[in-house]
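>
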């Protein structure tokens, strides 16, 4: 298991989301600067060879590997809700994480946390049954390990309530904020249906990252202060502005320790 014990906020990115000859994001540019990599597992993006190459890249740069499971929706990139039963959700999460675990084991490394993707990620916080089904999958996978397998979810003002719910299944949560996404007044991410949901301005991304990293309130889309505690900060590999600011974000979070690895 990789060392995830840190008092500083970890920088993470959704990564390994290419498919065959189709390329998504800039993994080679992101990986040297992040702490944790959320690697796609084949249902919304990726394929076995992409998964293998991404695991190798993460290992090369000493980046902690996390699984990024999703609804089975390649066409919609996993961003569309699917009416799945709880047992279907549990099974699909176990299936995807298990596949990445096998690839990681073949490279002498491990999968050390789980972060659902897209609509599944959002559905967890709007539907308790979906949240419980994902937790059930993680709990089953955790039984195979000597160390915890944390679940990463969106940080909101209701962090404590979600942690209590997860603890009923023995799951530890990692709370995640976003440097390059706008927030609504309720503390949730603004829907990608709106043109202002993703920040394209370097200054906005850096300022939100700074506020999160220093424990300050961020500002909603209407200017409302939001006090949200996070453990990890995400940037998106498909957002060119986020890629442009990744080195500066790392310096904001890690200061003098922000040297490239690998």
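Residue numbers (our numbering): 956 to 1217. Where a beta carbon is used, it is the ideal one built from N, C-alpha and C, also for glycine. Since the structure is predicted, the reported quantities are computational estimates derived from the model, not experimental observations.
1) Could you check if residue 1199 is buried or exposed, using at least 16 other CB atoms within 10 Å of its CB as the buried criterion?
2) Between the alpha carbons of residue 1006 and residue 1058, how many angstroms are there, rounded?
3) How is the beta strand (DSSP E) around residue 1189 delimited, first residue to last?
4) Looking only at its own chain, which residues have a Cβ that is under 8 Å from the Cβ of residue 1207, when we skip the five neighbours before and after it?
5) Is the separation between the beta-carbon of residue 1183 and that of residue 1112 shorter than 8 Å?
6) Helix, strand or coil for residue 1157, going by three-state DSSP, please let me know.
7) Is the Cβ-Cβ distance between residue 965 and residue 1135 less than 8 Å?
8) Can you say whether residue 1176 is buried or exposed, counting buried as having 16 or more other CB atoms within 10 angstroms of its CB?
9) Using CA coordinates, which residue listed in 1010, 1147, 1056, 1014 is at the minimum distance from residue 1099?
10) Please work out which residues of its chain come closer than 7 Å, Cβ to Cβ, to residue 1201, disregarding the five sequence neighbours upstream and downstream, and give them in chain order.
11) Any chance you could list the alpha helix (DSSP H) runs of at least 4 consecutive residues sitting entirely within the region 1081 to 1131, in chain order?
12) What is the DSSP secondary structure of residue 1210, counted as helix, strand or coil?
13) Can you tell me the Cα-Cα spacing of residue 1197 and residue 1029, whole angstroms?
14) Identify every residue that forms a DSSP beta bridge with residue 1138.
15) By Cβ distance below 7 Å, which residues in the same chain neighbour residue 1062 in space, the five residues on each side in sequence not counted?
16) Give me the residue from 1089, 970, 1174, 1131 with the minimum Cα distance to residue 1040.
17) What are the residues that DSSP puts in a beta bridge with residue 1133?
A quick look at the data gives this:
1) exposed
2) 7 Å
3) 1187 to 1191
4) 1161, 1164, 1165, 1168
5) yes
6) helix
7) no
8) exposed
9) 1056
10) 985, 988, 1190
11) 1083 to 1097, 1114 to 1122
12) helix
13) 24 Å
14) 1144
15) 1010, 1011, 1014
16) 1089
17) 1189
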